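Notes follow the structure.
Residue numbers (my numbering): 649 to 725.
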């Protein structure tokens, strides 16, 4: 599946309500957010030469896709 298709899927999933939190468990990441991150990582992998790829660059691309899909990126405290 292409990065654009994954991003489109992520945007459609934005209308899906988030999963119900279970006491004592970490909150789940909504499917739409996971799809947006996957699209960003796939795009990074396909458009950045192997010798220039870094974990930081991949994280930045995933964050860009999340933000463009309407998600707020908040660092853990």
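Note that CB positions come from ideal geometry on N, CA and C, so glycine has one too.
None of the values given here were measured: they were computed from a predicted structure.
**Rounded separation between residue 683 and residue 702 - CA only** = Walking along the chain shown from the start, residue 683 turns up at place 35. Walking along the chain shown from the start, residue 702 turns up at place 54. So the two alpha carbons sit approximately 21 Å from each other.
**Item:** Alpha-carbon spacing of residue 686 relative to residue 720, whole angstroms
**Value:** By 1-based counting over the chain shown, the position of residue 686 is 38. By 1-based counting over the chain shown, the position of residue 720 is 72. Answer to the nearest angstrom: the Cα atoms are 16 Å apart.
**Message:** Can you tell me where the alpha helix (DSSP H) holding residue 703 begins and where it ends?
**Reply:** For the purposes of this step, residue 703 is taken as residue 55 along the chain shown, with counting starting at 1. 703-716 is the span of the alpha helix (DSSP H), which, as asked, contains residue 703.
**Inter-residue spacing [alpha-carbon to alpha-carbon] between residue 716 and residue 692** = Along the chain shown, one-based indexing puts residue 716 at 68. Along the chain shown, one-based indexing puts residue 692 at 44. When rounded, the distance between both Cα atoms is 15 Å.
**Request:** Measure how close the beta-carbons of residue 654 and residue 690 come, nearest whole angstrom, since I'm counting them as under 8 Å.
**Result:** Taking the chain shown and counting its residues from 1, one reaches residue 654 at position 6. Taking the chain shown and counting its residues from 1, one reaches residue 690 at position 42. About 6 Å separates the two Cβ atoms, so the contact holds.
**Item:** Rounded C-alpha distance that separates residue 678 from residue 697
**Value:** Position 30 of the chain shown, counted from the first residue, corresponds to residue 678. Position 49 of the chain shown, counted from the first residue, corresponds to residue 697. Each residue's alpha carbon lies about 30 Å from the other.
**Request:** Work out the CA separation of residue 688 and residue 704 for me, nearest whole Å.
**Result:** The residue you call residue 704 lines up with position 56 of the chain shown. The residue you call residue 688 lines up with position 40 of the chain shown. Roughly 13 Å between the two C-alpha positions.
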